[in-house]
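Colleague:
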């Protein structure tokens with residue numbers, strides 16, 4: 559019985575090790591949001607966050623547009639961080655407000671102003687996260703996608 563227990567424990571340990579190794583190979587590819595008019599929404603992300611289009615896939619319902627951060631279009635294309643992918647969807651009537659993009663920002667007030675100037679809105683005023691020095695705001699793009707903004711101290 560002791561031998562069976564030892565064997566089961568050894569096999570379990572190996573399986574856990576293999577499972578953790580498999581997870582270590584997973585990374586974020588991109589973030590996807592949707593809009594009836596993906597071109598117009600891409601323009602919002604460009605205006606509000608200084609992003610540039612880095613790729614476009616023509617799809618039957620409308621283009622799927624990839625945008626990324628950079629001081630210029632070439633810098634955005636060279637950026638190795640994950641892009642935001644804006645795809646066509648049939649309706650902007652969102653039922654579930656939980657899925658959202660999370661962005662780190664340097665200046666919450668300036669970012670909120672840029673969002674509003676580009677046609678977005680805020681779900682409320684940004685708030686402190688406890689006593690951490692972190693500010694969190696929830697923005698809403700023109701078609702209802704939620705954007706969590708995090709300003710670290």
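Numbering (the numbering used here), first residue to last: 559 to 711.
Even glycine gets a Cβ: it sits at the ideal position worked out from N, Cα and C.
The structure presented is a predicted model; accordingly, all values stated were derived computationally and were not measured.
Out of curiosity, what's the CA-to-CA distance linking residue 619 and residue 685?
Modeller: Residue 619 sits at position 61 when you count from the first residue of the chain shown. Residue 685 sits at position 127 when you count from the first residue of the chain shown. Their backbone Cα atoms lie some 38 angstroms apart in a straight line.
Colleague: Can you tell me which residues form a DSSP beta bridge with residue 643?
Modeller: Position 85 of the chain shown, counting from 1, holds the residue named residue 643. 590 and 624, per the DSSP bridge assignment.
Colleague: If you compare alpha carbons, which of 705, 700, 590 and 661 is closest to residue 622?
Modeller: As a position in the chain shown, residue 622 is number 64, starting the count at 1. Closest by alpha carbon: 590.
Colleague: Between residue 695 and residue 666, how many whole angstroms is the CB-CB distance? I'm expecting something under 8 angstroms.
Modeller: One-based indexing of the chain shown puts residue 695 at position 137. One-based indexing of the chain shown puts residue 666 at position 108. Sure, about 6 angstroms apart at Cβ, within 8 angstroms.
Colleague: Answer yes or no: do residue 635 and residue 612 have a C-beta to C-beta separation smaller than 8 angstroms?
Modeller: By 1-based counting over the chain shown, the position of residue 635 is 77. By 1-based counting over the chain shown, the position of residue 612 is 54. Result yes, Cβ atoms of residue 635 and residue 612 sit closer than 8 angstroms.
Colleague: Buried or exposed for residue 624, please, with buried defined as at least 16 other CB atoms from any protein chain shown within 10 angstroms of its CB.
Modeller: Here residue 624 corresponds to residue number 66 of the chain shown, with the count starting at 1. Flag for residue 624 reads buried.
Colleague: Where does residue 599 sit, in a helix, a strand or coil, going by DSSP?
Modeller: Position 41 of the chain shown holds residue 599. In the structure shown, residue 599 sits in a helix (DSSP, three-state: H, G or I).
Colleague: With a threshold of 7 angstroms, establish whether the CB of residue 708 neighbours any heavy atom of the ligand COA.
Modeller: As far as ligands go, the structure on display features none, and thus does not contain the ligand COA.
Colleague: How long is the line joining the alpha carbons of residue 706 and residue 631, rounded to whole angstroms?
Modeller: Translated into the one-based positions of the chain shown, residue 706 becomes position 148. Translated into the one-based positions of the chain shown, residue 631 becomes position 73. Residue 706 and residue 631: Cα-Cα distance of roughly 24 angstroms.
Colleague: Is the CB-CB distance between residue 662 and residue 594 below 8 angstroms?
Modeller: Numbered from its first residue, the chain shown carries residue 662 at position 104. Numbered from its first residue, the chain shown carries residue 594 at position 36. Contact: no.
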